Amino acid sequence: MQMKEEKVLVLSSPNSFFNLVLDVFKWLVSGGCGACVVLISRYDPVLEQVEDFTASSCLTLLCSIHGCSITTSEGIGNSKEGFHPIHERFAGFHATQCGFCTPGMCVSLFGTLVNAEKTDRPEPPDGFSKVTVSEAEKAIAGNLCRCTGYRPIADVCKSFAADVDMEDLGLNSFWKKGENRDLKVSRLPRYDRNQLSSRFPTFLKEIKQDVFLASEKHSWHRPISLTELQSLLKSNNSNGSRIKIVVSNTGMGYYKDKEDYDKYIDLRGISELSKITKDRTGIEIGAAVTISKAIEVLREDTRGDFLSDYVMILEKIADHMSKVASGFIRNTASVGGNLVMAQRNNFPSDITVILLAVDAMVHIMTGTQFEWLTLEEFLERPALGLESVLLSIKIPSLELNQSESSEPRSRFLFETYRASPRPLGNALPYLNAAFMVKVSPCKDSGGNLIDTCRLSFGVYGSKHAIRGNKVEELLSGKLFSTSVLYDAVDLITATIASQDDNAITAYRSSLAAGFIFQFFNPLIDSPERISNGYLNGYNKHPFAQDFELKVSQKQIPHDKVPTLITSGKQVLEAGCEHLPVGEPIVKSGAALQASGVFCIIKF
Ligand code: FES
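For reference, each letter of the sequence shown is one residue, going 1 to 603 in full-length UniProt numbering.
And the structure:
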């Protein structure tokens with residue numbers, strides 16, 4: 001492909017044999033394992049800063065990295081220039097066996113360290129990063145390892161965190177049992193935070209963002225305005241060329257699209273699609289905004305701007321989004337792309353389900369026409385054609401006809417649910433759900449009156465996300481009681497069962513019943529509340545034990561996403577008769593493996 005710009009791509013290390021092997025297999029497995037993760041660095045001219053994020057290289061289209069620099073595991077350290085302490089610690093903690101996953105693990109950890117150092121947190125002690133143990137553990141969520149096991153890999157990650165408990169780190173070749181903390185720290189391959197800076201070549205800051213790249217067969221366009229996009233789409237309609245609208249191409253990880261397109265249109269250059277705006281009517285997220293960016297903005301402190309209930313809802317949406325795919329997918333995958341896949345192909349989208357519960361709106365452009373639809377209307381429409389483009393998604397703010405301080409007042413309750421094979425990291429859910437309910441205190445009975453309610457469920461197979469309309473009708477306007485709860489559970493069980501006709505229908509409908517029970521049971525007057533039943537004695541709503549919310553919603557921690565491993569103890573018994581068997585000896589070539597060099601062939 002002929003590049004119009006003189007130089008658009010800089011590799012901080014040569015293509016390794018490892019990446020070549022991955023290319024061969026990319027049609028078989030894409031975006032699911034994290035073995036090919038690289039760090040992409042890009043200059044943001046608006047913020048005047050370089051942003052660094054990890055991404056799956058197998059899903060990243062070459063033209064999409066125009067103006068970016070790419071750092072591989074070999075780029076952060078290698079046998080010629082010296083290994084990075086990440087590589088050396090992977091070797092010393094015995095955290096690599098076959099080595100297939102290790103370079104991706106190293107880059108995922110490296111990306112987390114790079115971004116932790118950009119924060120304004122206090123300076124950590126010498127040799128440590130600003131990263132926390134919890135963040136370090138999550139750095140590799142989504143990087144799959146088939147043979148080493150995650151204990152030593154997590155130990156490597158945690159060893160960089162200033163708040164690490166050194167006693168928690170397992171068997172390694174750096175220190176001997178009984179040595180004190182300071183000695184242990186001094187024996188670790190030294191981590192120098194200053195080595196992380198200025199990897200981005202300055203000339204890339206001058207590269208223009210509008211791109212047109214073309215070969216004889218294919219062309220790549222990055223329009224910078226909606227008008228330009230409209231004319232591109234219009235010309236396509238007239239000449240019938242096969243076009244693909246792309247943001248990050250992560251959808252390829254799920255749908256193995258083998259179509260040979262003539263024209264690619266990259267939406268990331270259009271500012272309307274890449275911004276997030278907040279006003280009193282709510283938050284509008286551009287369709288090309290990445291899931292990671294959306295999470296970051298939804299977690300910003302907006303308590304002065306919105307009702308506390310709305311702030312709580314935004315935090316919960318962000319928490320749920322943090323469980324979608326893995327960090328290196330969320331860093332490039334767009335919110336709009338996720339919704340379009342759900343609309344067109346019934347992609348099992350968590351984001352659609354949680355946004356359906358909050359009555360989100362979508363802004364669509366068809367030709368030169370613009371319209372706002374509810375997300376529900378959008379999902380019900382025929383599959384979005386190429387002439388239509390999703391521009392943005394709006395989470396409307398809440399309206400309460402009372403001041404925040406008037407007591408007692410109506411409250412919004414919101415919760416999301418997700419049952420999946422793993423809590424974090426590339427695991428599609430068996431079922432997900434989100435519920436938003438407005439409740440008022442009933443003065444006469446002392447119970448809780450349900451004013452309005454929206455219940456959404458992800459129903460998989462051939463169906464997109466749905467609302468539990470019959471259950472909503474049943475509950476709206478009712479004084480909540482045990483019998484109402486049982487009726488709701490029965491109704492939702494039947495609803496999910498009738499929508500879903502595959503082998504795990506019974507499991508999914510019982511999950512739906514469990515979610516309903518978990519959410520609504522705390523709204524029943526205390527003496528009547530079911531303390532033993534569906535959920536092993538669950539009897540405490542995360543937000544409201546009683547209506548007056550003894551737990552302040554404002555104090556709910558933002559980061560409720562579970563850690564992978566919180567602590568561990570390793571007890572090893574080894575005799576001396578088979579020495580050196582049992583000794584923690586570093587595997588020959590382990591650091592080389594971690595740096596991305598798979599094998600050395602000598603002739
Ligand atoms: Fe073999 Fe992780 S897959 S070391």
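Glycine included, each C-beta is placed from N, C-alpha and C at the ideal position. Remember, predicted model here, so these are calculated numbers, not experimental data.
Compare the beta carbon distance of residue i and residue j with 8 Å and say whether it is the shorter of the two.
i, j, result
"Arg187", "Phe174", "yes"
"Ser326", "Gly253", "no"
"Leu144", "Gly34", "yes"
"Pro396", "Met361", "yes"
"Pro584", "Leu171", "yes"
"Ile450", "Ser410", "no"
"Leu413", "Val439", "yes"
"Ala433", "Val353", "yes"
"Lys217", "Ser241", "no"
"Leu109", "Ala141", "no"
"Thr482", "Ile524", "yes"
"Leu307", "Leu398", "yes"
"Val289", "Ser334", "yes"
"Trp220", "Cys63", "yes"
"Phe90", "Val185", "no"
"Asn78", "Ser595", "yes"
"Thr250", "Leu59", "yes"
"Ser456", "Ala591", "no"
"Glu376", "Arg467", "yes"
"Pro189", "Gly337", "no"
"Leu298", "Ile329", "no"
"Ser388", "Thr416", "no"
"Pro152", "His94", "yes"
"Lys278", "Asp305", "yes"
"Leu485", "Phe515", "no"
Using alpha carbons as the reference points, say which of the options lies closest to residue i.
i, options, result
"Ile351", "Gln369, Gly77, Thr54 and His320", "His320"
"Cys147", "Phe100, Ile516 and Leu183", "Phe100"
"Ser509", "Tyr430, Leu572 and Ser392", "Tyr430"
"Cys68", "Ser79, Arg89, Phe90 and Pro45", "Pro45"
"Asn331", "Gln49, Ser57 and Leu579", "Ser57"
"Phe370", "Arg344, Thr227, Met312 and Val247", "Thr227"
"Leu39", "Met105, Lys275, Cys63 and Lys587", "Met105"
"Gly32", "Leu428, Phe90, Val471 and Tyr150", "Leu428"
"Glu284", "His363, Asn172 and Val571", "His363"
"Ala71", "Thr54, Thr495, Ile329 and Leu474", "The sequence shown places Thr at residue 71, rather than the Ala named in the question. Here the closest residue by C-alpha is Thr54."
"Ala342", "Gly367, Ile329, Lys316 and Phe378", "Phe378"
"Ile496", "Cys98, Asn180, Lys463 and Ser41", "Lys463"
"Ala512", "Glu473, Gly458 and Leu474", "Gly458"
"Gly127", "Ala136, Pro85 and Leu213", "Pro85"
"Asp52", "Glu81, Gly111 and Asp279", "Gly111"
"Glu206", "Glu48, Asp444, Ser392 and Glu135", "Glu48"
"Ile245", "Gln570, Val131, Gly149 and Leu386", "Leu386"
Helix, strand or coil: how does DSSP classify residue i here?
i, result
"Asn539", "Here Asn539 scores only 38 on pLDDT, less than 50, and its place in the model is too uncertain to base an answer on."
"Thr374", "strand"
"Phe435", "strand"
"residue 605", "The requested residue 605 is not part of the displayed model; the chain covers only 1 to 603."
"Gly286", "strand"
"Pro421", "coil"
"Lys130", "coil"
"Asn331", "coil"
"Phe25", "Confidence in Phe25 is poor, its pLDDT being 47 and thus under 50, which makes the residue's placement unreliable; the coordinate value appears in the next sentence. Helix at Phe25."
"Ile70", "strand"
"Gly596", "coil"
"Gln518", "helix"
"Asn78", "strand"
"Leu549", "At Leu549, the pLDDT of 40 sits below 50, so the modelled position is not reliable; the number obtained from the coordinates is stated separately. If DSSP states are grouped into helix, strand and coil, Leu549 belongs with coil."
"Asp52", "strand"
"Thr416", "strand"
"residue 607", "The question about residue 607 has no answer here: the residues shown for the chain are numbered 1 through 603."
"Gln97", "coil"
Cβ of residue i within 7 Å of any heavy atom in the ligand FES?
i, result
"Phe93", "no"
"Phe100", "yes"
"Gln518", "no"
"Cys36", "no"
"Cys145", "yes"
"Gln49", "no"
"Thr96", "yes"
"Thr148", "yes"
Would a check of beta-carbon distances place residue i closer than 8 Å to chain D?
i, result
"Lys463", "The structure shown has no chain D; it contains just one protein chain."
Secondary structure, beta strand (DSSP E): runs of 3+ residues fully inside the segment 142 to 226: List check, beta strand (DSSP E) in window: 211 to 214 and 219 to 222.
Uninterrupted alpha helix (DSSP H) stretches inside the segment 242 to 298 (no shorter than 4 residues): Taken in chain order, the complete alpha helix (DSSP H) segments of 4 or more residues contained in the segment 242 to 298 are 291 to 298.
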